[in-house]
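2 protein chains.
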Amino acid sequence: MVERADVLEKAEALFYERGVQQVGMDEVRTAAGVSLKRLYQLFPSKDRLVEEYLLARDARWMNAVTAHAINADNPVLAVFDWLAEWFAEPDFRGCAFVNAYGELGTASLAVATIARRHKEAFRGLFRDLADDQELGDQLTLLAEGAITMAAITGTAEPAHQARRAAEGLLALFHGSHENRRLQ
Amino acid sequence: MVERADVLEKAEALFYERGVQQVGMDEVRTAAGVSLKRLYQLFPSKDRLVEEYLLARDARWMNAVTAHAINADNPVLAVFDWLAEWFAEPDFRGCAFVNAYGELGTASLAVATIARRHKEAFRGLFRDLADDQELGDQLTLLAEGAITMAAITGTAEPAHQARRAAEGLLALFHGSHENRRLQ
DNA sequence: TAGCCCGGAGAACGACCGTTCTCCACCTTG
DNA sequence: CAAGGTGGAGAACGGTCGTTCTCCGGGCTA
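Read top to bottom, the protein sequences are chains A and B.
As numbered in the UniProt record's numbering, residues 1 to 183 make up the first sequence, in order.
As numbered in the UniProt record's numbering, residues 1 to 183 make up the second sequence, in order.
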């Protein structure tokens, strides 16, 4: 029998690739190899399936980037290296949460909330890695900007530009702390 | 008689506020106070109306930010001040081109192209204002990230964070040029 | 084997939407 | 005033899609 996780996996791929509103339940059904009846047993409505898609993607994405960062020599810069790899994937299409928010942010409070929480979590990761709130927030902006520009221009170059800018901000930050200590 | 520009203005407000796919031609018709027949005389299809909406918005937006920057004391930082004002507008809902790309980027080559050209133009502005390509690109990432974070978190604060980060990058850039001159 | 239940396939239903068509009131022109 | 054409209002059409329903086959149980 087809499992919940199988359906979610196929739905995730379809929704991310083409946008939530461009994918019908029938297509999810076909991709997952499940009957419409069973699909609606597992997820009582498309809205709920979309929300679960975003929650599942949030968990996988945050886990991946966090795992890549925490074991790295320089965790902050490692995030930008991870972004570069992500951007180079052939099916990269920007941030799923930004896309979903653009589509449904006005229409669905649930989607807007999930997107906001995802961005807050990403910003929280940077605050932790940078060990400074303001610096973490600035690094978040670089990363978000890189995601947007990479998606729309179709190149991975923004990740490298963002990494270089991050190096500059890190140097400035540590330089100013050095000075403060010397005063 | 209702003019083309009137229709475009109403369509722009609706499409931006709720997303292209959430607004039907009937609603544009009602908002603009025009008959469906005349609406289709002015714009032969919804696709075309959407493309013209994006082109019109691109022109207005780029004009506004450029005008605000070029007469400022510090043109680069003036862009971030302008972003702060934009984010504080009650109907701010992020970047229309990012939203449209998220909705239709896969389905419509025309929309994807307009979005790409818009982002390239914005990046071009920053390259001109910063008088340096790499610095301009990094500033673009800060601005784009601020737009995304402001839209999803619903505050104007990212503009101020981006401005402070931009001050840092500008200082670094001019410092390194200073050093190069002194060597 | 006979009856029963569960799941699959897909038809069907109702709503919505992009687009076109019909009909009518009004304005213009001779 | 008469006739023709233009534009407005909205009905109608065709397609799509979310959701539900129907029917059927196949395996489990007595």
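Glycine included, every Cβ here is placed at the ideal spot set by N, Cα and C.
- Residues are counted here when their Cβ sits less than 7 angstroms from a Cβ of chain B; for the region 18 to 38 of chain A these are Arg18, Gly19, Gln21 and Gln22, given in chain order.
- Sixteen is the threshold: when 16 or more other Cβ atoms of the shown chains lie within 10 Å of the Cβ of Thr148 of chain B, as they do, the residue is buried.
- With respect to the C-alpha of Asp91 of chain A, the residue from A:Phe15, A:Ala130 and A:Val34 having the closest C-alpha is A:Phe15.
- Here Gly145 of chain B really is in contact with Ala143 of chain A; their C-beta atoms are around 7 angstroms apart, less than 8 angstroms.
- Taking a C-beta distance under 7 angstroms as the contact criterion, Ile152 of chain B and Lys119 of chain A qualify as a contact pair.
- Only those residues of the region 50 to 74 of chain B whose C-beta falls short of 7 angstroms from the nearest C-beta of chain A would be listed, and there are none.
- Across the structure, Gln41 of chain B and Ala78 of chain B are spaced so that their CA atoms are roughly 42 angstroms apart.
- Asp137 of chain A is positioned such that its CB atom lies closer than 7 angstroms to that of Gln161 of chain B.
- Here the alpha carbon of Leu83 of chain A sits roughly 19 angstroms from the alpha carbon of Val98 of chain B.
- For Gln161 of chain A, at least one C-beta of chain B is nearer than 7 angstroms to its own C-beta.
- By the Cβ rule, the region 24 to 35 of chain A does not count as touching the region 105 to 118 of chain A, because fewer than three pairs are nearer than 8 angstroms.
- Neighbourhood of Lys119 of chain B in chain A, by CB distance below 7 angstroms: Met149, Ile152 and Thr153, in chain order.
- Remark: C-beta atoms of Glu103 of chain A and Glu51 of chain B do not approach each other more closely than 7 angstroms.
- Remark: C-beta atoms of Phe80 of chain B and Ala130 of chain B do not approach each other more closely than 7 angstroms.
- Cβ-Cβ separation between Ala100 of chain B and Val20 of chain B: approximately 6 angstroms, consistent with a contact (criterion under 8 angstroms).
- As for any alpha helix (DSSP H) of minimum length 4 sitting wholly inside the region 54 to 130 of chain A, the runs are 75 to 88, 96 to 104 and 109 to 130, ordered along the chain.
- The distance from the Cβ of Leu139 of chain A to that of Val65 of chain A is about 13 angstroms, inconsistent with a contact at the 8 angstroms cut-off.
- Taking a beta-carbon distance threshold of 7 angstroms, Glu144 of chain A counts as an interface residue toward chain B.
- In the three-state reduction of the DSSP assignment, Pro44 of chain A falls in the coil class.
- For Ala156 of chain A, the secondary structure class from DSSP, reduced to helix, strand or coil, is coil.
- For Val28 of chain B, the enclosing alpha helix (DSSP H) has its first and last residue at Met25 to Ala32.
- In this structure, DSSP gives Glu3 of chain B a state outside helix and strand, which the three-state scheme calls coil.
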